[in-house]
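Q: All the letters of the sequence shown, read from the start, carry residue numbers 1 to 281 under my numbering.
Below are the structure tokens for one structure; questions will follow.
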Amino acid sequence: MKHPPRIAGVIGWPIAHSRSPLLHRYWLEQYHIDGAYLPFAVTPGRLETALRGLAGLGVAGCNVTIPHKEETARIVDTRDAIAERMGAVNLVVVQPDGSLHGSNTDGFGFIENMRACRPSWQAASGPAVVVGAGGAARSVVAALLDAGAPEIRLLNRRSPRAERLAADLGGPLIPHEWSAAAGALEGASLLVNATSAGMEGHPALDLSLDPLPASAVVCDVIYTPLETPLLRDAAARGLATVDGLGMLLHQARPSFAAWFGVMPDASPELRALVEKSLGEG
Ligand code: NAP
């Protein structure tokens, strides 16, 4: 008997903006896999019912996006170490016994993209500054720690959140007051904006890049727009820059591998396809 197609999807509310179907459908076609990837609009009150229904439907698993990542971490039956540390799950894999296993691939996406865009960059090469203390910042900080960053300086408008992040993750994390930003940037080898400042419809990040060394790399996790005011400023100063779209592409790769059995590439062609879709709104 022929096997039925493998099915996966993404759960979020709202879900229409998600680029995940575009990515996974591209890979299904590229690797000639008999499968499907669907957007599931799931309201907050229905998350557990939706997740528990996956096994019965024979669905291989799903991605999880805003606003469900933290709640999914509480619902799944097992979590890997990174999901445990994040307290957030963006990848669910249905196990052969029907139980749900949760993981988090955002940090993988961040580091893989850094390595792909800046092959000479190494986390261990110097202090990193991470701006923000939300979910994206948590993923970036954990990934930098795992990659061997010797020191991570945390900068957040509301400093208690950065202090909580430092206490949760441990390691060489040093929260800085926003008023001490200049000192935090001195001697840094990497600056990452992991806030929503600079996103379309939001004010730009109010941070002077003057103290950064000329060798520093400036990265933004935002990908709408691709060139944020921060990246434009960094490029005008001759600093190396990395935009947020690559992180989005790379974080999707382990999900595809978990459900469909092939680790896909984040190729320039795929990037161009997603860039085009972003341009279309
Ligand atoms: P979040 O949990 O809501 O956290 C937002 C953070 O931004 C907080 O630290 C907040 O500071 C800070 N912030 C907001 N406006 C600011 C401003 N004007 N100046 C300084 N700081 C400001 O959001 P998130 O989930 O971490 O997402 C953050 C961004 O990352 C979003 O734009 C999201 O699209 C992007 N993202 C990208 C990827 C990717 O794959 N490229 C993956 C995940 C997220 P306070 O604590 O002081 O409020």
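Note that CB positions come from ideal geometry on N, CA and C, so glycine has one too.
1) In chain order, what residues of the same chain have a beta carbon less than 8 angstroms from the beta carbon of L239, not counting five sequence neighbours either side?
2) Quick one: is the Cβ of T105 within less than 7 angstroms of any heavy atom of ligand 1?
3) Using the beta-carbon count (16 or more within 10 Å), is E275 buried or exposed?
4) Three or more C-beta pairs closer than 8 angstroms, one from the region 130-139 and one from the region 187-206: is that the case here?
5) Do the region 266-275 and the region 140-156 make contact, defined as three or more Cβ pairs closer than 8 angstroms?
6) For the candidate residues R118, M114, S159, T72, whose alpha-carbon lies nearest to that of N104?
7) Considering S103, what are the terminal residues of the beta strand (DSSP E) in which it resides?
8) Three or more C-beta pairs closer than 8 angstroms, one from the region 16-29 and one from the region 249-264: is that the case here?
9) With distances taken from CA atoms, which of E48, I82, W178 is nearest D168?
10) Taking the alpha-carbon of A36 as reference, which of I152, I15, A60 has the nearest alpha-carbon?
11) By alpha-carbon positions, which one of L38, M199, A182, A55 ends up nearest to P96?
12) Just checking, does the region 230-238 make contact with the region 170-188 on the three C-beta pairs under 8 angstroms criterion?
13) Please look up how many angstroms separate the CB atoms of V92 and V76, rounded, as I've assumed it's under 8 angstroms.
14) Going by the C-beta, is V141 closer than 7 angstroms to any heavy atom of ligand 1?
15) Contact criterion: CB-CB distance below 8 angstroms. Does L185 meet it with respect to chain B?
16) With respect to 7 angstroms, is the separation between the Cβ of P203 and the closest non-hydrogen atom of ligand 1 below this value?
17) Do P67 and P44 come within 8 angstroms of each other at the CB atom, strictly closer than that value?
18) If contacts are defined as beta-carbon pairs under 8 angstroms, then G102 and R79 qualify, I think. What distance do you get, rounded to the angstrom?
19) Please name the residue, chosen from L245, F256, S179, G53, that lies closest to S277 on a Cα-to-Cα basis.
20) Could you check what DSSP says for G244 in three-state terms: helix, strand or coil?
21) Heavy atom of ligand 1 less than 7 angstroms from the Cβ of V217, yes or no?
22) For the alpha helix (DSSP H) that contains A142, what are its first and last residues?
23) Please report the distance separating the alpha-carbon of A166 from that of S159.
24) Can you determine whether any heavy atom of ligand 1 sits closer than 7 angstroms to the C-beta of T72, and answer yes or no?
25) What residue from M86, V89, L226 has the CA that sits closest to M199's CA?
26) Going by DSSP, name the residue or residues bridged to G9.
A: So, to answer that:
1) L209, L212, A214, A216, V217, V218
2) no
3) exposed
4) yes
5) no
6) T72
7) 100-103
8) yes
9) I82
10) A60
11) A55
12) no
13) 6 angstroms
14) no
15) Of the protein chains in this structure there is only one, and it is not chain B.
16) yes
17) yes
18) 5 angstroms
19) L245
20) coil
21) no
22) 135-146
23) 11 angstroms
24) no
25) L226
26) L38, C62
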